[in-house]
Amino acid sequence: MSASDHDHDHDPAHGDHGHAPPGHAPHGHTHDAAPTAIEARVKSIEALLVAKGYVDPAALDVFIDTYEHRVGPQNGARVVARAWTDPAFLERLRLDASKAIAELGYEGRQGEHMVAVENTAAVHNLVVCTLCSCYPWPLLGLPPVWYKSPPYRSRAVIEPRAVLREFGVHLDDTVEIRVWDSTAEIRYLVIPRRPSGTEDLTEEALAALVTRDSMIGAGLARDPAAASA
Amino acid sequence: MNGAQDLGGMMGFGPVVVDPSHPEPETPVFHSEWERRVFALTLAMSPVGRWNIDQSRFARESLPPARYLASSYYEIWLAGLERLMHERDLLTLEDLDRGAPAAPASAHPGRVAPADIAAVLRRGGPTARTPAQAPAPAPAYAIGQRVIARVMNPRGHTRLPRYVRGRAGVVIAQHGFHVFPDANAAGNGEAPQPLYTVRFAARDLWGADADPNSSVTVDAWESYLEPAP
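Residue numbers (our numbering), protein chains in the order written: chain A, 1 to 229; chain B, 1001 to 1229.
In structure tokens:
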């Protein structure tokens, strides 16, 4: 197999295919058959890079474990819960989000330059990266398939209200929508509105209401009554 | 370049949420083992190949448009990684034909050690530069100033999406000096420039039929902008 005739005979329903045809799930399932062409290709490339002394396979496992198990939306949820409960923190977040977020220990790759945008009764914020898949890794982990997909990247900027309706977010036309296209290294975190009836909840309980999608702006924080059901 | 990555405003990709009764869960992050390996190989190889983030983005978006749009996310990552390695003779066609050598080479000086990964990720790759590092004049545009995104069609990498070119917006934030991707991707150094957030009314981007109560912001380097008349 040469590098120039990269195979194309994969099943589009498999793998992280953000624009699978209707009726196909955008994510695949575990293979139990012979390796596909791309599986074989990745295996042979990894073996070559290891043999050439470029890559330590144990390092690959650490990268994967970090973003599969250690870093994820639970981090961003803690920032949101802190912003909801600590007005001084919220003020610091508004002044210098990267610095305020680092107080909670979240910093580094793909979150070097953070800006927090707050949803209110009058304004709803939605984050996209039309050019690739820029996303605040230290706070949210790696982006979901839909965030990286052509449908979202093409439509979020031209018809955000319709995209939000697909996510079940029905905003009144009087609510202003601000879409943030992440075209530089600034990374945006949406601070969703704090649900009503949560005055007595602890910061930890509040964090449990904060979903990944709500911190992109594609969802709302969970209603506590529904969340405990 | 005017490649397939520049998706903002395109139509016909279908719904973002294919099945609203089954939204994409927050886990799993990866949907097959080869995706894990491609992700990790990409992170592990950048200090070996010494390419920067703008060069990696350019490698991905240089895929012919038909192939870009027919590829899944991690297929695009793999194609970009292969291109970067081929350009630097880190992985050749002969390598792929021959397979891994029997005698492994010694570790490359750029090889990432598992124990160093946490620190590497925590350090990240900040792109902000001090004015002293940026032999450019002070920022030309003030917050609140009306600007126009330049009409430009560079053959190399750029982060100015097509859908804002020629449109008028308002500067809403200044971010100091940041590495300029167009220069950095071409290997012409960091050439830092002032970076702004510019807000465009949806109707100024998409016409009279657009949502009257929404806007899109992009982060734009100074040379992407000119003063509005």
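C-beta: ideal position from N, C-alpha, C; glycine also.
List the endpoints of the continuous beta strand (DSSP E) containing residue i.
i, result
"B:W1267", "Within the shown structure, residues of chain B are numbered from 1001 to 1229, placing residue 1267 of chain B beyond reach of any answer."
"A:A40", "No beta strand (DSSP E) contains A:A40, which is instead part of the alpha helix (DSSP H) from A37 to A51."
"A:M114", "H113 to E118"
"B:E1226", "L1225 to P1227"
"B:R1146", "R1146 to A1149"
Within 10 angstroms of the Cβ of residue i, are there 16 or more other Cβ atoms? Answer buried if so, exposed if not.
i, result
"A:A184", "buried"
"A:A110", "It should be noted that the sequence gives Gln, not Ala, for residue 110 of chain A. The residue is buried, with at least 16 neighbouring Cβ atoms inside 10 Å."
"B:L1160", "buried"
"B:D1219", "buried"
"B:A953", "Here chain B comprises residues numbered 1001 to 1229, so residue 953 of chain B is not present and cannot be evaluated."
"B:N1188", "exposed"
"B:S1214", "buried"
"A:H170", "exposed"
"B:M1152", "exposed"
"B:S1021", "exposed"
"B:Q1005", "buried"
"B:M1045", "buried"
"B:R1129", "buried"
"A:T202", "exposed"
"A:G236", "Any question about residue 236 of chain A goes unanswered here, given that chain A covers just 1 to 229."
"B:M1011", "exposed"
"B:G1008", "buried"
"A:T130", "buried"
"B:G1049", "buried"
"B:L1205", "buried"
"B:N1184", "buried"
"B:G1099", "exposed"
"B:G1166", "exposed"
Closest Cβ-Cβ distance between residue i and chain C: below 8 Å?
i, result
"A:L189", "Considering every chain present, this structure includes no chain C. Its protein chains are A and B."
Go to residue i, then tell me how far its alpha helix (DSSP H) extends in each direction, as first and last residue.
i, result
"A:W84", "P73 to T85"
"A:W146", "V145 to K148"
"A:M215", "R212 to I216"
"B:R1060", "I1053 to E1061"
"A:I64", "P57 to D65"
"B:S1046", "E1033 to G1049"
"A:P138", "W137 to L140"
"B:Y1068", "P1065 to A1070"
"A:S98", "A97 to A102"
"A:A162", "P160 to E166"
"A:A205", "E203 to A207"
Measure the beta-carbon distance from residue i to residue j and round it to whole angstroms, keeping in mind my assumption that it falls under 8 Å.
i, j, result
"A:R212", "A:P73", "4 Å"
"A:G76", "A:L189", "6 Å"
"A:R187", "A:C134", "7 Å"
"B:L1096", "B:W1051", "Contact doesn't hold; Cβ gap of about 20 Å is too wide."
"B:P1071", "B:A1079", "Note that residue 1071 of chain B is Ser in the sequence shown here, rather than Pro. Confirmed, about 7 Å."
"A:M215", "A:L126", "The Cβ separation is near 11 Å, so there is no contact."
"B:V1171", "B:A1149", "With a Cβ gap of about 11 Å, B:V1171 and B:A1149 do not count as contacting."
"A:D56", "B:R1111", "6 Å"
"B:E1024", "A:V145", "6 Å"
"A:I191", "A:A116", "5 Å"
"A:R78", "A:L104", "6 Å"
"B:I1143", "B:Q1174", "6 Å"
"B:P1109", "A:A51", "That belief does not hold up - the Cβ atoms of B:P1109 and A:A51 are roughly 17 Å apart, past 8 Å."
"A:I38", "B:E1061", "About 20 Å separates the two Cβ atoms, so there is no contact after all."
"A:A122", "A:V163", "Incorrect: roughly 20 Å between the Cβ atoms, too far for contact."
"A:P150", "B:L1069", "7 Å"
"B:D1182", "B:G1156", "6 Å"
"B:V1017", "A:E166", "4 Å"
"A:P195", "A:P224", "6 Å"
Quick one: what's residue i bridged to in DSSP?
i, result
"A:Y188", "A:V115"
"A:N125", "A:R178"
Which whole runs of the alpha helix (DSSP H) in the segment 1153 to 1223 of chain B are 4 residues long or more, in chain order? 1181 to 1185 and 1202 to 1206
Complete beta strand (DSSP E) runs within the segment 1089 to 1133 of chain B (minimum length 3 residues, chain order): none
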